[in-house]
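Only one structure is covered here, and it is reproduced in the block below.
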Amino acid sequence: MPFLPGPLTQTMGVNGTLLGPTIILQQGQTVTMNVNNQLGEPSTIHWHGMHVPPEADGGPHTPIAAGDTWSPSFAVLERASTHWYHPHLHMHTNEQVVKGIAGLIIVRDPLESALALPRTYGVDDIPLVLQTKQFDANNQVVVGDALDTHVLVNGTLDPYVDVPGQVVRLRLLNGASERVLNLGLTGNHAFHQIGTDGGLLAAPVQLTRLRLAPGERAEVLVDLSALQGQSIELVSFASELPSAIYGAAQPGMGAGQTIPELHPRTRLQRK
Ligand SMILES: [Cu+2]
6 MPFLPGPLTQ TMGVNGTLLG PTIILQQGQT VTMNVNNQLG EPSTIHWHGM HVPPEADGGP
66 HTPIAAGDTW SPSFAVLERA STHWYHPHLH MHTNEQVVKG IAGLIIVRDP LESALALPRT
126 YGVDDIPLVL QTKQFDANNQ VVVGDALDTH VLVNGTLDPY VDVPGQVVRL RLLNGASERV
186 LNLGLTGNHA FHQIGTDGGL LAAPVQLTRL RLAPGERAEV LVDLSALQGQ SIELVSFASE
246 LPSAIYGAAQ PGMGAGQTIP ELHPRTRLQR K
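Sequence positions in the sequence shown follow our numbering and run 6 to 276.
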């Protein structure tokens, strides 16, 4: 992948070179996933957040050998919600995720479908996979070093999305290995959280900040109807995080325990 000027970056992906397709499931259906491992090394795929039998969970105990296909079947038990999938191989989870293997899972159900919510995927229902990486001098992904230096949203370094002038729904995933994000909109524009890891909340909650830990998902609504021809940015206000949270400028005790401050920004620009 051409992330930075100079050498291409070696990546991993699902059905492509980076990340993977969003899987959209219906509550109550039985699904069979066919995971064909073409990485040339063992891997697994874990359905993070979903209630599935242990043998279908894709944890470290069910490695898929290079070249093999793993075909778990399971019933979709979740309410409408947002989950994700990623490798979970013993000692290699971070490596394979940070090199690019991850994707979203959206579960739909009749209750959610009956609500007046934006749900046109990619138009007013926008997936945002927030991740961080570090690149070495040869533009290759550094594995296992917490000093990440770049933020990628949906695998891009300068992310923006053209959105309609209405209420839009963002499905947020913190897919970073270690950083906690403290998300908000520029100008402290308020937004409403409607969903968490467990699905829809009983009622929307108005916020100006949303703290999202690694692996965590959230669904939010942003009203862009007043932003004719303008843009607004989704930013992580990391400097507001208290010390000792990884993602704050000072995540640990002592002067040596600092990490570079990163500000994931996604520009939402009105069409
Ligand atoms: Cu996970």
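Here a beta-carbon is modelled for each residue, glycine too, at the ideal position from N, C-alpha and C.
Handout entry: alanine 71 to valine 19 span [Cα, whole Å]
Key = Whole-angstrom Cα-Cα distance: 14 Å.
Problem - Under 6 Å, CB to nearest heavy atom of ligand 1: contacting residues - result: His51, His53, His91 and Gly220
Exercise for the section: Consult DSSP for glutamate 245 and reduce its assignment to one of helix, strand or coil. Expected result: helix
Exercise for the section: For threonine 271, name the three-state secondary structure that DSSP assigns. Expected result: strand
Problem - Which of helix, strand or coil DSSP assigns to asparagine 179 - result: In the structure shown, asparagine 179 sits in a strand (DSSP, three-state: E or B).
Problem - Integer Cβ distance of tyrosine 126 from threonine 271, believed to fall under 8 Å - result: Not quite, the Cβ-Cβ distance comes to about 17 Å (not below 8 Å), so this is no contact.
Exercise for the section: Enumerate in chain order the residues of its own chain whose CB-to-CB distance from glutamate 238 is below 8 Å, with the five nearest sequence positions on each side excluded. Expected result: Within the same chain, glutamate 238 has close Cβ partners Leu190, Thr191, Arg270, Thr271, Arg272 and Leu273.
Practice task
Give me the Cα-Cα distance between arginine 137 and valine 36, rounded to the nearest whole angstrom.
Solution key: The question names arginine, but residue 137 is threonine in the sequence shown. Cα to Cα, the separation comes out at about 31 Å.
Exercise for the section: Ignore the nearest five residues each way along the sequence and tell me which others in isoleucine 28's own chain have a CB closer than 6 Å to its CB. Expected result: Taken in chain order, the residues that qualify are Ile110.
Practice task
Mind the definition here: the region 89-99 touches the region 50-62 only if three or more C-beta pairs lie below 8 Å; say whether that holds.
Solution key: yes
Exercise for the section: Give me the Cα-Cα distance between proline 7 and glutamine 101, rounded to the nearest whole angstrom. Expected result: 18 Å
Practice task
Would you mind working out which of Asn39, Ala231 and Ala85 sits nearest glycine 203, comparing C-alpha positions?
Solution key: Ala85
Exercise for the section: Would you mind stating whether proline 169 and aspartate 129 have Cβ atoms separated by less than 7 Å? Expected result: yes
Exercise for the section: Count the other C-beta atoms from every protein chain shown that fall within 10 angstroms of the C-beta of alanine 107, then say buried if there are 16 or more, exposed otherwise. Expected result: buried
Practice task
Name the two residues that bound the continuous alpha helix (DSSP H) containing serine 118.
Solution key: 115-118
Exercise for the section: On the DSSP bridge assignment, give the partners of glycine 234 in chain order. Expected result: Beta-bridge pairing links glycine 234 to no other residue.
Exercise for the section: Measure from the alpha carbon of arginine 283 to the alpha carbon of each residue in Gly252, Gly63, Met55 and Thr213, then state which is nearest. Expected result: There is simply no residue 283 to check, as the chain begins at 6 and stops at 276 in what is shown.
Exercise for the section: Use the C-beta contact count for methionine 55: other C-beta atoms within 10 angstroms, 16 or more gives buried, fewer gives exposed. Expected result: buried
Practice task
Leaving out five residues on either side along the sequence, give the residues of the same chain with a beta carbon under 7 Å from the beta carbon of glutamate 46.
Solution key: Ala71
Practice task
Report the rounded CA-to-CA distance for arginine 113 versus leucine 188, giving the unit in angstroms.
Solution key: 25 Å
Practice task
Determine the direct distance from the alpha carbon of leucine 206 to that of leucine 186, and round the result to whole angstroms.
Solution key: 21 Å
Exercise for the section: For proline 58, count neighbouring Cβ atoms within 10 angstroms of its own Cβ and tell me buried if that reaches 16, exposed if not. Expected result: exposed
Problem - As assigned by DSSP and simplified to three states, the class of glutamate 224 - result: strand
Handout entry: Cβ neighbour criterion (16 or more within 10 Å) applied to glutamate 221
Key = buried
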